[in-house]
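Here is the structure we will look at.
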Amino acid sequence: MLSVENIDVYRGRTHVLRQVDIHVKHGEIIALIGANGAGKTTTLRTISGLLHPAKGKILYAAGKGKRQIEISSLPPEQIVSTGVSHCPEGRGVFSQLSVKENLLVGAYLRKDNKIEQDIQSIYEMFPILEERSTQAAGNLSGGEQMMLALGRSLMSRPKLLILDEPSLGLAPLVIETIFNKLKKINTEGVTILIVEQNAVMALELSHRAYVLETGRVTLFGRSADLTLNPEVQKAYLGGE
Amino acid sequence: MTHKKHLLHVVDLVKRFGGLVAVSDYSLTLEQGELVGLIGPNGAGKTTVFNLLSGVLKSSSGNFFFNSQNITKFSPAQTARVGIARTFQNIRLFEDLSVLDNIKVAFHMHHGKGFLNTIFHTKKFRQTEKEITQKAMEFAELMNLTELIHEPAKKLPYGDQRRVEIARALATNPKLLLLDEPAAGMNPQETAELMRTIKEIHAKQDMTILIVEHDMRLVMNLCQRLQVLNQGQLLAQGTPEEIQNSPEVIKAYLGSPKENPHAIC
Amino acid sequence: MDFGYIAQQLANGLILGSMYALVAIGFSMIYGIVRLINFAHGDIVMIGAFTTLVLMETAGLPFPLVAFFVLLTGCGMGILIERISFRPMRGAPQVTGFIASLGISIMLQNLGILTLSAQPRNFSFPSYMQRILNLGPVSFRVVDVVIILTAFFLMVALIFLVQKTKLGIAMRATAENIDVARLMGIDINKTIMATFAIGSGLAAIAGLMWGGKFGQIDPLMGYVPGLKSFVAAVIGGVGSIPGAILGAFILGLSEVLFVGLLPPIYSSYRDAFVFGVLIIILIAMPNGLLGKDIGDKA
Amino acid sequence: MESNRPRYCLGLLIMFMVVFSLGIERTANDYILAIVSFTGINIILAVSLNVTNGFAGLFSLGHPAFMAIGGYTTALLTFSMEKKPLFLPDLPQWLIPVHLPFFPALLVGGCFAALVAQIVGISVLRLKGHYLAVATMGFLIIVQVLLNNANSITRGPLGLNGLEEFTNVSWVAGWVVVTIYTCWKIKFSSLGRSMLAVKEDSMAANSLGVDLFYTRNFALTVGAFFAGVAGGLWGHLITAVTPGSFSLIMSFNIIVMVVVGGTGSITGSVTAAIIFTLAIECFRPLEENFGIYGVGEIVISLVLILILIFKPSGMFGTGEPKFVTGKYKQLSPTNGK
Amino acid sequence: MKKCFITIGLFFMSLPLATPCFSAEPIKIGALYSLTGGMSSIDTPSLRGAELAVKIINKNGGLLDGRMIELISVDAKTDQKAAAIGAKKLLSNGVIAGIGHSDPSFVLPSAPLFQKKGIPFVTSGATLPTLPMMIGDCLFMVPFGDDDQSFAIADYSFKSLGVKNVAIWTDNSMDFTKTLSKFYKQRMTELGAKIVLEDFFMMGDKDFSAQIARLKNVSPQPDAVFISSIPNEAGLTTKQLRENGLTLPIVSGDGFDTELIVTVPGKELANDVYFSTHTYRADPRPEVIQFIADYEKEYGVPPENAFAPLGYDAIALIADAITRAGSATPKALKESLAKTMGFKAVTGEISYTRPSRVPVKGVSIISVKKGEYNVEEIWFPTTK
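So this is what it looks like as structure tokens:
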């Protein structure tokens, strides 16, 4: 579905990603793990078009059997229209917009008449959002904001959902709720690419995972295998 | 007063942003010459602690003392003057200035604002300038930057920029050095080199250093003592070994494993 | 100083305020979305006024049609200016855009003098607009009512647009966080262009009314409304549309009352007063009366 | 550390100025002399605004206000004693016997402007970015209004005229050298470095012990001093000062010079001031021969916008070009003693 | 880059120098007007008038046995600096006389430069009566002084309109308007009238509602309002006063001599307005009729305001003086100009007989009734 092929990305003069190669198949949950500054967020921003690779390319196909297109030079709005939805780091809810408006922005490119219906289903998924639908999103708690951000990302009916650190700064109970929803979303046919600091949870959730270290993919494989790999722990906790 | 003998003594520091408690009841004592690490997952409040200690942010409550002086309400410039220097997580160099000039800025507070001296190009001015250049060169050499001194800071690669930032902080002649993720974005060789340099600074100048860092290899190998922050609260303290084996810390870092926790440890 | 006098002054301030508001809204919108102080905004007022003149006197079009075309011209100018000058500068330091807008303003003024001559032109609305109405001690004209109603209608329409429509939500989203807005599929170029178009359209309509109310226009007329609406926008909090409206009314009223209630000789100090207030507001409440904290972006 | 090139350049500059001003005063006609003098004044203005705007990053639109303060002060101080009762019948008593020769009057004018800058700085320097620009613009307008209304001292809108024509190419050349020298010294001193540091990253500079307010206020004051002096020179060149002259347009013109030359670059400001002043004069024949007045302004605005789009850092960026600074002599810390 | 600029610069600068010489050496006259910026609406017509005069003189064979007049025009940009540079440029070009400016603030930086070189400068529009004293014997005024026009309208309003209580509105941002009010006030007080209200506005103001409201509330109610403004505010104040139901006579000086006082308020409201001005508008003298016809033929529009004939007169005055002197040297011209007696200019007869060297010149009092201009009387100053 998504092939990130040997991309090199610079931010300013800094070489952030070197030869990153990631492949995502339909229906998978892929986790991208690694320490801070490893280049996880940069990878996601490159996939969704906010950054452009200096070398390498990114190919994407919206569905099984659909034609693969190269998206590495497209602007983000066009990439969104192909079915990629990126839930950014730090949630990025529009704090001055109401909860409902945030959801509507998520459906910005849709022209069908089922938007209202989808909003209802998001409300069903996170009832707290319905209660607060007219409040400014900035007044929501961190967990509620995350739910909103996730709901907003789903509003575009994505084929591929990209999540950047959904657990950041959240209470464990909330994290668990969110991760359960992610599982459910995945079973409904949405492919997920997730960047997560919380490695254990990420590995538990995902089918396969890539470990990034200083802009390079150092390890990848089935999540169950990686969980047992001592290298993973080392990447996080150091030690020799 | 117990804080009398310590270099830095932090008592129950609290920082709130609106409703969010970023740091709650943080305490720390640092003795002269210690090298301590402050770790924790993203968003734990480590940088906030640094911002409080360096005067960039004002604390909501709590106090901290430096050499028995209450510096809780000091501005960053005042904090720098009493001898606390810092680096920034997202490098904040003066990008258009050369490496040498970046370091020279740090001498400003010690050496004259003498405006008339400057304009009339007095002997004193020339001497000070010479002295500043001299010392700046020394710090550049210490951080292995001699080759690069005339390059504009923005043209340097990431790792070099980090080193410039450290050199610049050292040039303020601090008693306490706060390093905010010095190894972020460095490759393993660079990190190893940085580790050596920090050790050297620590040993040679008997500098007290507090490091926030994600690279555990670096922290574990470097620090004598570690503090772990999670969600704004102090989770654990102790030697690197103790921390590495603390189940709470592992949980905070790697997440809460529901099954099979032993597979990881 | 009886009640009638004060009531009249208040009414005058209200009329002046609603004209400032039309200009200030566009100013504030543009600032809100791209953080640009667009000094050329006032010159769109001038362009609007001259377009009205040309359409009414040369082409002899009926009034509503004229207003429509003036609106279109304003939108077009806004898009043109954004496209050829501000878009290539996006991402540069804020003052870059500010200086550029000063440059555009000087360019438009000189082009105006060159092509239209510096002579003030008379500008007359149909005579039914000039009729005088009396409401108790307060007298005003039909055109004043039209101005207030139009300004009110456009403000409501604009607030509706910004609050309720898809474009409005996109505009607010873009103003808050460009990157995330793009991730939602919003074409920020189009959104920014739309903002410039709407803001400039309003300014052009303000030009039409300015001409209609005062009956005289010239190529340098944009300077004052530009400057005043800018002050109004800052008082209300740049970036906030209700703020711009509030600021405009406060400014309009205080200008009229400053001149009207103090001894006459103080009128010459009016601009010093206006800018003194501006500086005090900037220092005391940097986000204006209704503005939101835009933190480091400011 | 640095090469001796700047010192040679300064020497060369002084020599050039001496030869140039002596030479041109003998040969050229009044028109050329006036243009040369205005070019010099523009250099002073651009270089001094560069201290405020370029070094310390304070985007000030108030430069003409400081010019006006300096210009009026100088004019009042040098006003001929015989003409005073005739031209300024309402002058306050204490001001009537005050009289100074040109040079001290210029200094007093500059110092007074600097003093006002100190006071203004206390209130507006907490503002950032274009909020500061707006506040300084307000200051400019307030100064204009006050000059317009303080009839007894300033003669209101008519302004002070009939000033002695003290300013000539030599005076201007002298001040150009002083301005460039001072600003250069500031730039390459601890003070200048801290200004540049404050501009680039105020928080980092503050954390290194740089006092933000002191540094900013100092930059504003130095700029104001030279603006005041330039105002004095200006007034005694055209023999009149009026409130209308010190306008937003003038502010815009000076900023154009700074931006085109490169904010922070002294060489840039000097070059841009020369090009700008000459360019305006160059457009005159074009305008006059074809009757298209205003084309000069249009073209200059256009060029400005193009520069902002394609080379936002200006001709020389923040730095000084190599032909002025020379190459660095490499020296290691050991042999520097 | 720099070289390129300099080359282009030198090229342009050399253009005017390279104008080919005619058979006889032309007589160079410099014109200094603000053709851009705030003054341009007043100054541009003056230049057009002057250019017209030059064209007509040259068509009729020039002066002094076929020497053509060459008018060198420089833009003063509504800026003192540009005015001074412009004056120096003209002087370097070897002009034998300069004309220009409609406001003393621009005469003051430029005319002294002419004075210093002993070259006469004729201001076509600046009416400050102290100008010749301030600048010296090289300055000549085409128009009357502000004192004369203020006295004229004061006399008229007191004697003919019967004004006993008067309100005075002054544009406080210009010297011209302040001077005008000062003299009007002086004369009215001398005559025994009472100033019931003094109010102020600033150039560029569009909204006079506060002043109007105050005028309505003043007691005793004035019999007339004197508005001292330049043309830009003339129409606006008239319109707004009338629209607010104030029908009292409006009196003013030559700042009101503009079509705007009729076109802006409309014919109905342009009523009961009286102003003193150059004896030009609605004047049946042949010079005036001829001038208007020529102007319309040349530019396709009638003269924009009284500054057009003033510019014309400045050239005509110089041409007359040159003819009388029989020489085109500055010195001869200056002497000849000073002896001008009864020169029939479009804007009235000019004689420099006063010690103040402000011309003794008729002042028209013009009334506007329902949009129609009418000359009420011609006022002559007493020669002091």
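Residue numbers (our numbering), protein chains in the order written: chain A, 4 to 243; chain B, 86 to 350; chain C, 7 to 304; chain D, 163 to 499; chain E, 60 to 443.
We put the beta carbon where it would ideally sit given N, CA and C, even for glycine.
Please report the distance separating the alpha-carbon of C/ILE287 from that of C/GLU261. Position 281 of the third sequence holds residue 287 of chain C. Position 255 of the third sequence holds residue 261 of chain C. Each residue's Cα considered, the two are about 16 Å apart.
I'd like the span of the beta strand (DSSP E) that includes A/VAL87, first residue to last. Position 84 of the first sequence, counted from the start, is the residue given in the question as residue 87 of chain A. Element bounds for A/VAL87: 87-90.
Could you name the residues of chain D that C/TYR275 contacts, counting a contact when the two beta carbons are closer than 7 Å? As a working mapping, residue 275 of chain C is identified with position 269 in the third sequence. VAL307, ASN311, listed in chain order.
E/GLY407: first and last residue of the uninterrupted beta strand (DSSP E) it sits in: Reading the fifth sequence from its first residue, position 348 is the one you call residue 407 of chain E. Element bounds for E/GLY407: 407-409.
Which residues, in order along the segment 254-276 of chain E, keep a beta-carbon less than 7 Å from a beta-carbon of chain D? none
Hey, out of D/MET412, D/ILE436, D/ILE411, D/SER413, whose CA is closest to D/GLY423's CA? Locating residue 423 of chain D in the fourth sequence gives position 261, where the first residue counts as 1. Residue D/ILE436 is the option with its Cα nearest to D/GLY423.
Could you check if B/ARG211 is buried or exposed, using at least 16 other CB atoms within 10 Å of its CB as the buried criterion? As a working mapping, residue 211 of chain B is identified with position 126 in the second sequence. With fewer than 16 Cβ atoms within 10 Å of its Cβ, B/ARG211 is classed as exposed.
Taking the Cβ atom as the reference point for each residue, do E/GLU435 and E/ILE424 lie within a distance shorter than 8 Å? Sequence index remark: in the fifth sequence, residue 435 of chain E carries index 376 (1-based). Sequence index remark: in the fifth sequence, residue 424 of chain E carries index 365 (1-based). Going by C-beta atoms, E/GLU435 is nearer than 8 Å to E/ILE424.
In terms of DSSP beta bridges, what is E/GLN280 paired with? For the purposes of this step, residue 280 of chain E is identified with residue 221 of the fifth sequence, where counting begins at 1. Answer is none; E/GLN280 lacks a bridge partner.
Taking the CB atoms as reference points, tell me whether C/LEU77 and C/GLY174 lie closer together than 8 Å. As a working note, residue 77 of chain C is residue 71 in the third sequence. As a working note, residue 174 of chain C is residue 168 in the third sequence. Taking 8 Å as the Cβ cut-off, C/LEU77 and C/GLY174 do not qualify as a contacting pair.
Under 7 Å Cβ to Cβ from E/GLY153, same chain only, skipping five residues before and after it: list those, please. Numbered from 1 along the fifth sequence, position 94 holds the residue referred to as residue 153 of chain E. Once the five neighbours on either side are set aside, the close Cβ partners of E/GLY153 are LYS87.
Quick one: is B/VAL141 near chain D, going by C-beta distance under 8 Å? Position 56 of the second sequence, counting from 1, holds the residue named residue 141 of chain B. B/VAL141 counts as touching chain D.
Hey, how far is the Cα of A/ILE188 from the Cα of A/ALA110? Locating residue 188 of chain A in the first sequence gives position 185, counting from the first residue. Locating residue 110 of chain A in the first sequence gives position 107, counting from the first residue. Computed Cα separation, rounded: 17 Å.
Buried or exposed: B/PRO161, going by 16 or more other Cβ atoms within 10 Å of its Cβ? Reading the second sequence from its first residue, position 76 is the one you call residue 161 of chain B. With 16 or more other Cβ atoms within 10 Å, it is buried.
Ranges of the beta strand (DSSP E) found wholly within the segment 342-421 of chain D, counting only runs of at least 3: none
Considering E/TRP438, what are the terminal residues of the beta strand (DSSP E) in which it resides? The residue labelled residue 438 of chain E in the question sits at position 379 within the fifth sequence. Note, E/TRP438: beta strand (DSSP E), 431-438.
Tell me the start and end of each unbroken alpha helix (DSSP H) in the segment 11-62 of chain A that is at least 4 residues and wholly inside, in chain order. 43-50
Consider the Cβ of E/LYS140: report whether some Cβ of chain D lies at a distance smaller than 8 Å. Position 81 of the fifth sequence, counting from 1, holds the residue named residue 140 of chain E. It does; some Cβ of chain D falls within 8 Å.
Amino acids of chain B, ordered along the chain, whose beta-carbon sits closer than 8 Å to that of A/GLN99: If you number the first sequence from 1, residue 99 of chain A lands on position 96. The contacting residues do not exist; A/GLN99 stays about 15 Å from chain B at best.
Exposed or buried, which one is C/ILE90 when buried takes at least 16 other CB atoms within 10 Å? Position 84 of the third sequence, counted from the start, is the residue given in the question as residue 90 of chain C. Label assigned to C/ILE90: exposed.
Tell me whether E/PHE81 is buried or exposed, calling it buried when 16 or more other Cβ atoms sit within 10 Å of its Cβ. Here residue 81 of chain E refers to the residue found at position 22 of the fifth sequence. Summary for E/PHE81: the model assigns pLDDT 44, below 50, so the residue's position carries little reliability; its value from the coordinates is reported in the next sentence. Exposed, because fewer than 16 other Cβ atoms sit within 10 Å of the Cβ of E/PHE81.
Give the secondary structure of C/LEU164 by DSSP, where H, G and I count as helix, E and B as strand, and everything else as coil. Residue mapping note: residue 164 of chain C aligns to position 158 of the third sequence, counting from 1. Helix, per DSSP.
Spell out a yes or no on whether the segment 387-407 of chain D and the segment 226-238 of chain D are touching, meaning 3 or more CB-CB pairs, one atom from each, closer than 8 Å. yes
Is it true that the CB of D/PRO251 sits closer than 8 Å to the CB of D/LEU302? Along the fourth sequence, one-based indexing puts residue 302 of chain D at 140. Along the fourth sequence, one-based indexing puts residue 251 of chain D at 89. No. Outside cutoff.
For E/PRO368, count the other beta carbons within 10 Å of its own beta carbon; 16 or more makes it buried, fewer makes it exposed. Which is it? Counting from one through the fifth sequence, the residue named residue 368 of chain E turns up at place 309. Buried is the call here.
Roughly how many whole angstroms lie between the Cα atoms of D/ASN166 and D/HIS292? The sequence position of residue 166 of chain D within the fourth sequence is 4, counting from 1. The sequence position of residue 292 of chain D within the fourth sequence is 130, counting from 1. In a straight line, the C-alpha of D/ASN166 is about 38 Å away from that of D/HIS292.
Quick one: Cα of D/VAL486 to Cα of E/THR388, how far? Residue mapping note: residue 486 of chain D aligns to position 324 of the fourth sequence, counting from 1. Residue mapping note: residue 388 of chain E aligns to position 329 of the fifth sequence, counting from 1. Cα to Cα, the separation comes out at about 51 Å.
Using the Cα positions of B/ILE283 and A/ALA41, report the straight-line distance between them to the nearest angstrom. Position 198 of the second sequence, counted from the first residue, corresponds to residue 283 of chain B. Position 38 of the first sequence, counted from the first residue, corresponds to residue 41 of chain A. B/ILE283 and A/ALA41: Cα-Cα distance of roughly 22 Å.
The segment 400-418 of chain D / the segment 164-178 of chain E touching (three or more Cβ pairs under 8 Å): yes
Under 8 Å, Cβ to Cβ, is there at least one residue of chain E near D/ALA434? The count along the fourth sequence starts at 1 and reaches residue 434 of chain D at position 272. False, the Cβ-Cβ gap to chain E never drops below 8 Å.
D/THR439 vs D/ASN191 beta-carbon contact at 8 Å: On the fourth sequence, position 277 is the one that residue 439 of chain D refers to. On the fourth sequence, position 29 is the one that residue 191 of chain D refers to. No, the Cβ-Cβ distance between D/THR439 and D/ASN191 is not below 8 Å.
Just to check my reading of the structure: A/LEU153 and A/LYS184 have Cβ atoms closer than 8 Å, yes? What is that Cβ distance to the nearest angstrom? As a first step, residue 153 of chain A is located in the first sequence; it is residue number 150 there, counting from the start. As a first step, residue 184 of chain A is located in the first sequence; it is residue number 181 there, counting from the start. So it is a contact: roughly 7 Å between Cβ atoms.
Where E/LEU123 sits in the DSSP three-state scheme: For the purposes of this step, residue 123 of chain E is taken as residue 64 along the fifth sequence, with counting starting at 1. Looking at E/LEU123 - three-state DSSP - the assignment turns out to be coil, as it is neither helix nor strand.
Taking Cβ positions, are D/GLY324 and D/LYS245 nearer each other than 8 Å? Indexing the fourth sequence from 1 puts residue 324 of chain D at position 162. Indexing the fourth sequence from 1 puts residue 245 of chain D at position 83. Yes, these two residues count as a Cβ contact at 8 Å.
Between E/ALA109 and chain D, is there a C-beta pair that is closer than 8 Å? For the purposes of this step, residue 109 of chain E is taken as the residue at position 50 of the fifth sequence. Judged by the 8 Å Cβ criterion, E/ALA109 is not in contact with chain D.
Under 9 Å from the C-beta of D/LEU184: neighbouring residues of chain B: Stepping through the fourth sequence from its first residue, residue 184 of chain D is reached at position 22. Near D/LEU184 there are no residues of chain B at all, since even the closest Cβ is about 26 Å away, more than 9 Å.
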